[in-house]
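Numbering (full-length UniProt numbering), first residue to last: 1 to 123.
Right, dumping it as structure tokens:
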């Protein structure tokens, strides 16, 4: 046999090996794809979420509680503002609008600057 025929036979065998490996992988891929489809169908039928995440529930409930506290403090400040004397209607209206449009900042600003101190009311 010549070197060319030996080389040709080796190449042919290598090609045959490659084709067999490729066929084997394709058959395995069909099996893997089929198993994945079955698993996806089972998960979708069960109705269970793929990932359970409790952070959203905890975060929304804490945010709701903080929002409720801010709302209650805003209502207390507005009620105190309306029942306090010595202020004009326009001044009260401006403070109420500041508290309503800026719930946190307006509340802090009112408690620091807008409230009449007990000493100021006594004088």
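For each residue, glycine too, the CB sits at the ideal point set by N, CA and C. All values derive from a computational prediction rather than experimental measurement.
Point to revise | First and last residue of the uninterrupted alpha helix (DSSP H) at residue 106 | key: 103–109
Burial state of residue 82 (16 or more Cβ within 10 Å):
exposed
Report task. Alpha carbon to alpha carbon, how far is residue 90 from residue 77? Give it in angstroms, no decimals. Result -> 16 Å
* Identity of the residue in 84, 72 and 61 nearest residue 107 by Cα -> 72
Residue 92: which of 105, 80 and 102 sits nearest, CA to CA? 80
### Query
When we look at the beta-carbon of residue 95 and count the other beta-carbons within 10 Å, is it buried (16 or more) or exposed?
buried
- Item | residue 75 versus residue 113: straight-line alpha-carbon distance, rounded | 17 Å
DSSP three-state call for residue 114: helix, strand or coil?
-> helix
Quiz item: Cβ of residue 63 versus every heavy atom of the ligand PLP: is any distance shorter than 7 Å?
Solution: No copy of the ligand PLP occurs in the structure displayed, which carries no ligand at all.
**Message:** For residue 160, tell me which candidate among 68, 84 and 87 has the shortest Cα-Cα distance.
**Reply:** Lying outside 1 to 123, the shown extent of the chain, residue 160 is not represented and no answer is given.
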